[in-house]
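To keep things clear, I will list the structure first and then write my remarks on it.
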Amino acid sequence: MTAAPKIRIEKLNAYFGAHRAVRDVELDIPALGVVAVIGPSGCGKSTFVRCLNRMHELLPGARAEGRVLIDGQEVYGPGVDPVQLRRRVGMVFQRPNPFPAMSIFDNVAAGLVLNRLPGDRAAIVEKSLRQAALWDEVKDRLKENPTRLSGGQQQRLCIARALAVEPEVLLLDEPASALDPIATAKIEELIHELRERYTIVIVTHNMQQAARVSDRTAFFYMGELIEYDTTEHIFTNPSIKQTEDYVTGRFG
Amino acid sequence: MTTPGRRWRAFKNGFAITLCGVAVLVALAPLLSVLWLVVKNGAPALGLDFLTKLPAPVGESGGGVGNAILGTLAIVSLACAIGLPIGIGAGVFLAERGDGKFGGAVRFTAEVLSGVPSIVVGIVAYGLVVLPMKRFSALAGAVALALLMVPPLARSTEELVRLVPRALREGALALGVPAWKTSLFIVLRTARPGLITAALLAIGRAAGETAPLLFTALNNQYWNVRPDQPTASLTVQIFNYAISPYEEWRQKAWACALTLLLLIGFLSLGARFLARSPGEAR
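Chains as they are written, first to last, in the working numbering: chain U, 602 to 853; chain W, 253 to 534.
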């Protein structure tokens, strides 16, 4: 890698109580573009990305050790406010989780309003919804309840909500796993557009999806990073036997 | 196919459903008879004069309970101002930080307090407010009612907040929203429909209390808007009228009861209407 990485991860360990779910992971994530994290269920890939915006430590009994640097700044350093960090590192979850007590508009504006961020809210909401490829579908029903949207629309709403606070990094934790193939295709299309403006890390259990959307792929197994390389390399000519077995469907 | 087994099953099914239906009727019967009696006996005396005039002196006919309606509204509003924030706040605390020993103690206390008879709460308010102030007052009545509202409200708030999915909390935290704002603006807002029901139950219960008001807010024959003065209330007025020897007063007691029912009914409807989420099915 030539340029300085956007995110550098050194000796990262994540625990649930005594169980070590992520083991000594080291990798660099370049600025802009998409890194996919793949691996069988329970391999620690979700836990890994949740360490990048310090969401992991919110679970009971969970903690993380090691270094994560974003633009050279320590994420786990003393005096780092996880709340401030999360404004720079947005996240979209496996199941769409729009706020059901708010309108579509208020959902997108939630981060702006609750964080008292300046700016023209209507303009930011429109821009975020356009970026999330949802504007045309909801522009006439911004006052409606988001629970009336389809699952795929709800997930794009959550992406718009995350984009509204203008993060630099976007963590997508299996964003399409609860969606049908058409909605999934839309999300993937969206990732293609967002890659030019954001550094995206996507966790997926769908290998075709990883191959379609990412530039680089990290393969996790049993909490360890087995191989990390360009997506093309991982899927066509992996260096490690375990990776090959997994991407060819021999296990996992 | 009609085998004996199938018919036996159908019979058991019908029997169980019938039993449930009977239970519903038994439960509804007293409720409907209360409603019917109150409307039948109260409606004739109800009128504009009744709702807006001061009580007539003994021996004169006519007059109304306008001051008691205003008094009940004032005492209950004051009680809400004191009791709702404390009850809901305590409930949120129990749900989010209440897993330790202290939370357990608070929960236990709330449960015990829920079962304390209201007249005991009244005498506590008498000691806390009436004695130091050296006078009966709307404020003392409101404190008594608030003390009654807090424990059940705290427990139901806790249950409702615990029902809000963790995913919503995470969604807000991932936007860089601080935890306290997440609790206040995302979690509570999501739990709002349930919270309103819980608050209305608490308010309705408090508004219907007489015992704790007898020696806190006392009564008043005149209009009063000052919270530090004795204040009339519908429930105390019902009590006074109902035990009187005059037929007209006893009829007024029924009309007061009907007024109180209507007041709480409209309050519930209004609060539900105001509290709907945006774009909710209506």
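Using N, Cα and C, we set each Cβ at its ideal position, and we do this for glycine too. Small disclaimer: the values here were computed from a predicted structure and weren't measured.
| query | result |
| --- | --- |
| Pair every Cβ in the segment 476 to 485 of chain W with every Cβ in the segment 406 to 414 of chain W, then say whether three or more of these pairs are closer than 8 Å. | no |
| Does residue 438 of chain W come within less than 9 Å of chain U when only Cβ atoms are used? | yes |
| Flag this pair as yes or no: are the beta carbons of residue 754 of chain U and residue 738 of chain U separated by less than 9 Å? | yes |
| Confirm, please, whether the CB-CB distance from residue 712 of chain U to residue 637 of chain U is below 9 Å. | no |
| Starting from the N-terminal side, write out each stretch of the alpha helix (DSSP H) that is 4 residues or longer and does not extend beyond the segment 629 to 712 of chain U. | 646 to 653, 683 to 689 |
| Relative to the alpha-carbon of residue 612 of chain U, which residue among U/666, U/674, U/819 has its alpha-carbon at the smallest distance? | U/666 |
| Restricting to runs no shorter than 4 residues, where is the alpha helix (DSSP H) found entirely within the segment 389 to 466 of chain W? | 390 to 415, 418 to 425, 444 to 459, 463 to 466 |
| Can you pull the DSSP bridge partners for residue 263 of chain W? | Looking at the DSSP assignment, residue 263 of chain W forms no beta bridge with any residue, so it has no partner. |
| Touch check for the segment 459 to 470 of chain W and the segment 480 to 495 of chain W: three-plus C-beta pairs under 8 Å? | yes |
| If you draw a straight line from the C-alpha of residue 533 of chain W to the C-alpha of residue 745 of chain U, how long is it? | Bear in mind that a pLDDT of 42 at residue 533 of chain W, under 50, signals an unreliable position, so the model cannot answer this. |
| If we cut at 9 Å on Cβ distances, does residue 425 of chain W have a partner in chain U? | yes |
| Which word fits residue 851 of chain U, buried or exposed, when buried means at least 16 other C-beta atoms lie within 10 angstroms of its C-beta? | exposed |
| With 7 Å as the limit, tell me which residues of the segment 646 to 670 of chain U have their beta carbon closer than that to any beta carbon of chain W; keep them in chain order. | 654, 656, 659 |
| Does the beta carbon of residue 899 of chain U sit closer than 9 Å to a beta carbon anywhere in chain W? | The requested residue 899 of chain U is not part of the displayed model; chain U covers only 602 to 853. |
| Quick one: give me the first and last residue of the alpha helix (DSSP H) that residue 504 of chain W is part of. | 499 to 526 |
| Can you say whether residue 680 of chain U is buried or exposed, counting buried as having 16 or more other CB atoms within 10 angstroms of its CB? | exposed |
| Can you list the residues of chain U that residue 411 of chain W reaches, using a CB-CB cut of under 9 Å? | Within chain U, no residue comes near residue 411 of chain W; the closest Cβ sits about 17 Å away, beyond 9 Å. |
| Check whether chain W comes within 9 Å of residue 904 of chain U, counting only Cβ atoms and requiring the distance to be less than that. | Missing from the structure shown is residue 904 of chain U; chain U here goes from 602 to 853 and no further. |
| Figure out for me which residue from W/339, W/437, W/285 has the closest Cα to the Cα of residue 366 of chain W. | W/339 |
| Buried or exposed, going by whether 16 or more other CB atoms sit within 10 Å of the CB of residue 267 of chain W? | exposed |
| Would residue 780 of chain U and residue 709 of chain U be called neighbours here (beta carbons separated by less than 9 Å)? | no |
| Under 8 Å Cβ-Cβ, which residues of chain W neighbour residue 759 of chain U? | 423 |
| With a threshold of 9 Å between beta carbons, is residue 450 of chain W in contact with chain U? | no |
| Along the chain, where does the alpha helix (DSSP H) containing residue 819 of chain U start, and where does it finish? | Counting along the chain, residue 819 of chain U falls outside any alpha helix (DSSP H), though it belongs to the beta strand (DSSP E) covering 817 to 822. |
| For residue 706 of chain U, which residues of its own chain have a beta-carbon under 7 Å away from its beta-carbon, when the five flanking residues on both sides are left out? | 726, 743, 744 |
| For chain W, is any of its Cβ atoms less than 9 Å away from the one on residue 766 of chain U? | yes |
| If you follow the alpha helix (DSSP H) that residue 800 of chain U is part of, which residue opens it and which one closes it? | Counting along the chain, residue 800 of chain U falls outside any alpha helix (DSSP H), though it belongs to the beta strand (DSSP E) covering 800 to 804. |
| Step through the CB atoms of chain U and report whether any lies within less than 9 Å of the CB of residue 433 of chain W. | yes |
| Please tell me whether residue 838 of chain U has its Cβ less than 9 Å away from any Cβ of chain W. | no |
| So residue 722 of chain U contacts chain W; which residues on that side make the cut at Cβ distance below 7 Å? | Result: empty, since nearest Cβ-Cβ is about 14 Å, beyond 7 Å. |
| Starting from residue 617 of chain U and walking both ways along the beta strand (DSSP E), at which residues does that stretch end? | 608 to 617 |
| For residue 733 of chain U and residue 760 of chain U, which I take to be in contact (beta-carbon distance under 8 Å), what is that distance rounded to the nearest angstrom? | 4 Å |
| Using a cut-off of 8 Å between C-beta atoms, extract the partners of residue 685 of chain U located in chain W. | 428 |
| Going by DSSP, what residue range makes up the alpha helix (DSSP H) through residue 468 of chain W? | No alpha helix (DSSP H) holds residue 468 of chain W; DSSP gives it neither H nor E. |
| Interface residues of chain U around residue 415 of chain W at Cβ under 7 Å? | Here the premise fails: no neighbours, minimum Cβ distance about 12 Å. |
| For residue 811 of chain U, which option in U/824, U/840, U/786 has the closest C-alpha, if you only look at C-alpha atoms? | U/786 |
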